[in-house]
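Residue numbers (my numbering), protein chains in the order written: chain H, 131 to 450; chain Z, 958 to 1136. Shown next, in structure tokens, is the structure this report addresses.
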């Protein structure tokens, strides 16, 4: 009996299984295609060297606030004098953390802004007929935006109201005779929620301007600009952007939106700030106004930016 | 007193004659022509300070109505576009840009970050007011425009307040939207 040889030459194998080569080719292409589709559709995992992720990990803002000695001492004094009750402080903190978490606001920035505006006195201006009052110093136009124009901004803002109160509490107003009502800005939960929404609206507004032009930015730096806009209007920020872009060029403008040291140097340059503000207001107003804006952002930065990014001078020198 | 009455009587006698009637007719025609010319031609913005532009527009609304306002606005737009194309000084350019921001944002260069804000925050509302002037609907749009301008410039209503251009724009559209 003849036993056929088990070893076949290549030509013999090709003769025996004529479909082997096409079959292997089809299989190989199918595997390659499946792998490519798999890679394309899988969620992207960040690489450790990614600039964006590293900046996200190392937040510009302090985890403990106020970060600067001046505000820390003032906070202690407020508590010692009973100007700030412990229960009020805790309630402010509770709603601030919830709002900041939902709206992705750095909590240190939101806290420092409210401290700068009212020294955390939620009844600030209640007995006086002042144009702005309460924890975040709201004016009638700030109320108008919260009450009638939230649809122009992020849907998260309205969702936050429903999540915090279980219903729409608007219209909100400075109701001095009904401070416990959820519709009163003198009530702490309402004041914190609406003030953080107003801050978030400024961030939303500024970010849209940049995104429309595909301009990249560091979100932490943009939050500092939003804090400037909260206090002095978005126009002051935009005027500064226009001036830096026009006079110093694209590279400097990029640095202004990415580099905290460059941001700090720019907003602390009184000549530059005055020049940008003078595009809006006449000379008589622009100088004091620029000085006010400079002091505001200097205090907010010193209070909210992590000590890792600050100099000893900025941590101790900022005056309320 | 006597001379005045004699002058009046002489004038009456003169104007009762055919040549007097013709003279009176010609004088009346001259005045009518001057009046028509003044009110039918758009105001010239050339040579007058740019800061007066708002006042000219406001006066045209109160004295000549919406048609006159539209006509003058077109003339102002043309004037501003010439200035922005060839400004004589930095101050003039800044003033023209500020007026353009609040009334003609399309004249601003694309590089100006304020351009998109103007279109989003007040240009459309102004168009609505101009379409339906002096109506309750116009007043509603005006309130929204006013709030947008306040929040854009200074949300805190402090002494520094609004810029001159923002104040004048609000005054102008307050008048246009007054029922």
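C-beta: ideal position from N, C-alpha, C; glycine also.
Residues, ordered as in the chain, of the region 1042-1057 of chain Z that lie near chain H by beta-carbon distance below 9 Å: 1051, 1054, 1055
- prompt: Are the beta-carbon atoms belonging to residue 434(H) and residue 303(H) less than 8 Å from one another?
  reply: no
task: List the residues of chain H that residue 1069(Z) touches, going by C-beta distances under 8 Å, in chain order.
output: 372
At least 3 beta-carbon pairs within less than 8 Å: the region 202-215 of chain H vs the region 242-258 of chain H: yes
field: C-beta neighbour in chain Z for residue 300(H), strict 8 Å
entry: no
message: In the DSSP output, what is residue 268(H) paired with across the bridge?
response: 263(H)
- prompt: Buried or exposed: where does residue 1075(Z) fall if 16 or more other Cβ atoms within 10 Å of its Cβ makes it buried?
  reply: buried
Segment contact, 8 Å Cβ cut-off, at least three pairs: the region 379-391 of chain H with the region 334-348 of chain H: yes
field: N-terminal and C-terminal residue of the alpha helix (DSSP H) that residue 235(H) is part of
entry: Counting along the chain, residue 235(H) falls outside any alpha helix (DSSP H), and DSSP gives it neither H nor E.
message: Between the alpha carbons of residue 451(H) and residue 369(H), how many angstroms are there, rounded?
response: The displayed coordinates of chain H run from 131 to 450. Any statement about residue 451(H) would go beyond what the structure contains.
- request: With 8 Å as the threshold, decide whether the Cβ of residue 1134(Z) is near any Cβ in chain A.
  value: The structure shown contains no chain A; its protein chains are H and Z.
task: Taking residue 1120(Z) as the query, report the chain H residues whose CB atoms sit under 9 Å from its CB, ordered along the chain.
output: 365, 410, 411, 412, 415
query: Would you say residue 300(H) and residue 331(H) are within 8 Å of each other, going by their C-beta atoms?
result: no
- prompt: With a CB to CB cut of under 7 Å and the five nearest residues on each side skipped, what residues in its chain are close to residue 419(H)?
  reply: 407, 411
- prompt: Applying a beta-carbon distance threshold of less than 8 Å, which residues of chain H neighbour residue 1109(Z)?
  reply: 363, 364, 365
field: Pairwise C-alpha distance: residue 427(H) and residue 335(H)
entry: 19 Å
task: Would you kindly check if the distance between the Cβ of residue 294(H) and the Cβ of residue 326(H) is under 8 Å?
output: no
message: So residue 1096(Z) and residue 1044(Z) are supposed to be a Cβ contact under 8 Å. How far apart are they, rounded?
response: Going by Cβ atoms, the distance from residue 1096(Z) to residue 1044(Z) rounds to 36 Å, so no, they are not a contact pair.
field: Opposing strand residues paired with residue 314(H) [DSSP bridges]
entry: 303(H)
query: What residue does the alpha helix (DSSP H) around residue 1025(Z) start on, and which one ends it?
result: 1022-1042
Integer-rounded CB distance, given that residue 1057(Z) should sit under 8 Å from residue 1041(Z): 7 Å
field: Check whether residue 333(H) and residue 353(H) have beta carbons under 8 Å apart
entry: yes
message: Whole angstroms are fine: how far does the CA of residue 196(H) sit from the CA of residue 438(H)?
response: 14 Å
- prompt: Using 8 Å as the limit for Cβ to Cβ distance, is residue 341(H) near chain Z?
  reply: no
query: Taking C-alpha atoms, which residue in 224(H), 308(H), 321(H), 228(H) lies nearest to residue 267(H)?
result: 321(H)
query: Name the DSSP beta bridge partners of residue 435(H), please?
result: 191(H)
task: Would you mind working out which of 207(H), 271(H), 263(H), 341(H) sits nearest residue 317(H), comparing C-alpha positions?
output: 263(H)
query: Are the C-beta of residue 256(H) and some C-beta of chain Z separated by less than 8 Å?
result: no
query: Does residue 316(H) come within less than 8 Å of chain Z when only Cβ atoms are used?
result: no
Pick from 974(Z), 1035(Z), 1104(Z) that is closest to residue 1123(Z), judged by C-alpha positions: 1104(Z)
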